[in-house]
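>
Number of protein chains: 2
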Amino acid sequence: MAPPASASHEHEREHRLEEILGLLREDGGRVTPARRAVVAHLLDAKDHVSAEDIAASVQESLPDVSVSTVYRTLEALERLDVVEHIHLGHGPSQYHLADRRHVHLMCRDCAQVIELPDDYLDRLAARLARQHGFVLEPSHFALLGRCADCAG
Amino acid sequence: MAPPASASHEHEREHRLEEILGLLREDGGRVTPARRAVVAHLLDAKDHVSAEDIAASVQESLPDVSVSTVYRTLEALERLDVVEHIHLGHGPSQYHLADRRHVHLMCRDCAQVIELPDDYLDRLAARLARQHGFVLEPSHFALLGRCADCAG
DNA sequence: TTGACAGACGCAAGCCGTTCGCAATAACCT
DNA sequence: AGGTTATTGCGAACGGCTTGCGTCTGTCAA
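Chains D and V, in that order, are what the protein sequence lines are. So in numbering that gives the first Met the number 0, spot 136 of the first sequence is number 135, and the numbers just go up one at a time. So in numbering that gives the first Met the number 0, spot 143 of the second sequence is number 142, and the numbers just go up one at a time.
1. Which of helix, strand or coil does DSSP assign to R107 of chain D?
2. Does any CB atom of chain V fall closer than 8 Å to the CB of V82 of chain D?
3. Taking Cβ-Cβ distances shorter than 7 Å, what residues in chain V pair up with A125 of chain D?
4. Give me the residue from D:T68, D:D63, D:G27, D:R12 with the minimum Cα distance to A44 of chain D.
5. Is it the case that the Cβ atoms of L16 of chain D and A39 of chain D are separated by a distance below 8 Å?
6. So V69 of chain V packs on V37 of chain V, CB below 8 Å; how close in whole Å?
7. Taking the alpha-carbon of F133 of chain D as reference, which of V:C109, V:S138, V:L135 has the nearest alpha-carbon?
8. How about L135 of chain D and L142 of chain V: are their beta carbons less than 8 Å apart?
9. Between which two residues does the beta strand (DSSP E) harbouring P116 of chain V extend?
10. Whole-angstrom Cβ separation of V81 of chain V and L22 of chain V, contact assumed at under 8 Å?
11. Can you tell me whether DSSP reads A141 of chain D as helix, strand or coil?
12. For chain D, check one thing: does any of its Cβ atoms lie closer than 8 Å to the Cβ of E136 of chain V?
13. Identify which residue in V:G28, V:D118, V:A6, V:S56 has its Cα closest to the Cα of R78 of chain V.
14. Apart from the five residues just before and just after A1 of chain D, which ones in its own chain have a Cβ nearer than 8 Å to its Cβ?
15. At a Cβ threshold of 8 Å, is L23 of chain D touching chain V?
16. Could you give the residue range of the alpha helix (DSSP H) that holds E74 of chain V?
17. For I85 of chain D, list the residues DSSP reports as bridge partners.
18. Between D117 of chain V and H101 of chain V, which are expected to be in contact by the criterion C-beta below 8 Å, what is the C-beta distance as a whole number of angstroms?
19. List the residues of chain D that A150 of chain V touches, going by C-beta distances under 8 Å, in chain order.
20. Quick check: what's the CA-CA separation for A50 of chain V versus R24 of chain D?
21. Step through the CB atoms of chain D and report whether any lies within less than 8 Å of the CB of H47 of chain V.
22. Does any C-beta atom of chain V lie closer than 8 Å to the C-beta of L79 of chain D?
23. Please check if any C-beta of chain D sits within less than 8 Å of the C-beta of A110 of chain V.
24. For the alpha helix (DSSP H) containing D43 of chain V, list its first residue and its last residue.
25. State the start and end residues of the unbroken alpha helix (DSSP H) segment that holds V25 of chain D.
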């Protein structure tokens, strides 16, 4: 579960963790074991995870943290712009740290998710801004379609 | 509820209705009053509607058509490629006739939906196909962001 | 025209993801 | 150490959608 980390990576992760928890405190919030575990899981996750994923992982060490606590923690973190969620069409929302922003492609057949750099939609975003004054949030939804394998 | 229609529009609508019902029959399906009413509502709707919208409208004339019938009818029509649905992030799926395909922008703040021509994402689709073999389905999801009003 | 065979129906229960109300707990500040 | 108040766990409830089941009814062949 914990990533194989060199001493410096471990240190770095610890730093980020405390930094985020500090933001919660600055905001008048409190740092609890549950919140610490949620943030830790987000730091360890390679990419996006569902609230249920987080709950399951947190419950390994803190068995009676409830899903509602996870949702409430994620909500607090989103208010602080530390976390964002993305809609993948069908299926639950996926959460990730705001600084791990990506554009997502999702296959409607095999449900595979492909990540692209977060500037992949810059041209489209510019066009939407120019033509419609619309400010695109490219990492808040997935582009649906069929992946190379499933399209045949 | 029924659109103000000239005689020819009325005739045209009737034709489309029977045409679609014919497809159901050809497929080994049956044409029931409930199905007729669902298709009629889709023909009358200006744009996309939720299953609940359809149910409410159908129930005005056929009070005990249940939501499950609406969902099952929409499922049958999607199998025949007559209907498609689109995911708008939060909120229920929206259904529309397959020949009224659009790209959708949705404002995360005011929930307003802006429709763009269905070829609006052609360049993006071409790029995705070329670089990733991904076949984009541009009308199966909404582009989320903030509309001109809400972006300020 | 009728009959019988699916297919479609209504209903109610159930699913999933998410939110909420509440009383009890425990972080934080002094 | 103590008071305040944010956060918690729990359970109930939500919205959107699906399913199982027994009944009904289009459809098509006789």
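Built from N, CA and C at the ideal position, the CB exists for glycine as well. This one's a predicted model, so the numbers in the text were calculated from it and none came from an experiment.
On the basis of the supplied data:
1. Here R107 of chain D sits in coil by DSSP.
2. Chain V has no Cβ within less than 8 Å of the Cβ of V82 of chain D.
3. Within 7 Å Cβ-Cβ: nothing; A125 of chain D doesn't reach chain V, min ~12 Å.
4. Nearest option by C-alpha distance: D:R12.
5. Taking 8 Å as the Cβ cut-off, L16 of chain D and A39 of chain D qualify as a contacting pair.
6. Correct: roughly 6 Å between the Cβ atoms.
7. Nearest option by C-alpha distance: V:C109.
8. Taking 8 Å as the cut-off, the beta carbon of L135 of chain D is found closer than this to the beta carbon of L142 of chain V.
9. That run of the beta strand (DSSP E) goes 112-116.
10. Confirmed, about 6 Å.
11. A141 of chain D falls in the strand class under three-state DSSP.
12. Cβ-Cβ to chain D under 8 Å: yes for E136 of chain V.
13. Among V:G28, V:D118, V:A6, V:S56, the Cα nearest to that of R78 of chain V is on V:G28.
14. Because A1 of chain D sits at a pLDDT of 49, beneath the cut-off of 50, its placement in the model cannot be relied upon, and the following sentence gives the value as read from the coordinates. If we look at A1 of chain D and ignore the five residues flanking it on each side, its Cβ neighbours are D43.
15. No, L23 of chain D lies away from the interface with chain V (no Cβ there is under 8 Å from its Cβ).
16. Note, E74 of chain V: alpha helix (DSSP H), 66-78.
17. Under the DSSP definition of a beta bridge, I85 of chain D partners with D:Q93.
18. Right, the Cβ-Cβ distance comes to about 5 Å (below 8 Å), so this counts as a contact.
19. The answer, in chain order, is G132, F133, V134.
20. Approximately 44 Å between the Cα atoms of the pair.
21. Proximity of H47 of chain V to chain D, defined by a Cβ-Cβ separation below 8 Å, is not satisfied.
22. Cβ-Cβ to chain V under 8 Å: no for L79 of chain D.
23. The Cβ of A110 of chain V sits no closer than 8 Å to any Cβ of chain D.
24. Where D43 of chain V is concerned, the enclosing alpha helix (DSSP H) stretches over 32-43.
25. At residue 25 of chain D the sequence reads Glu, which differs from the Val that was named. Segment 6-25, the alpha helix (DSSP H) holding E25 of chain D.
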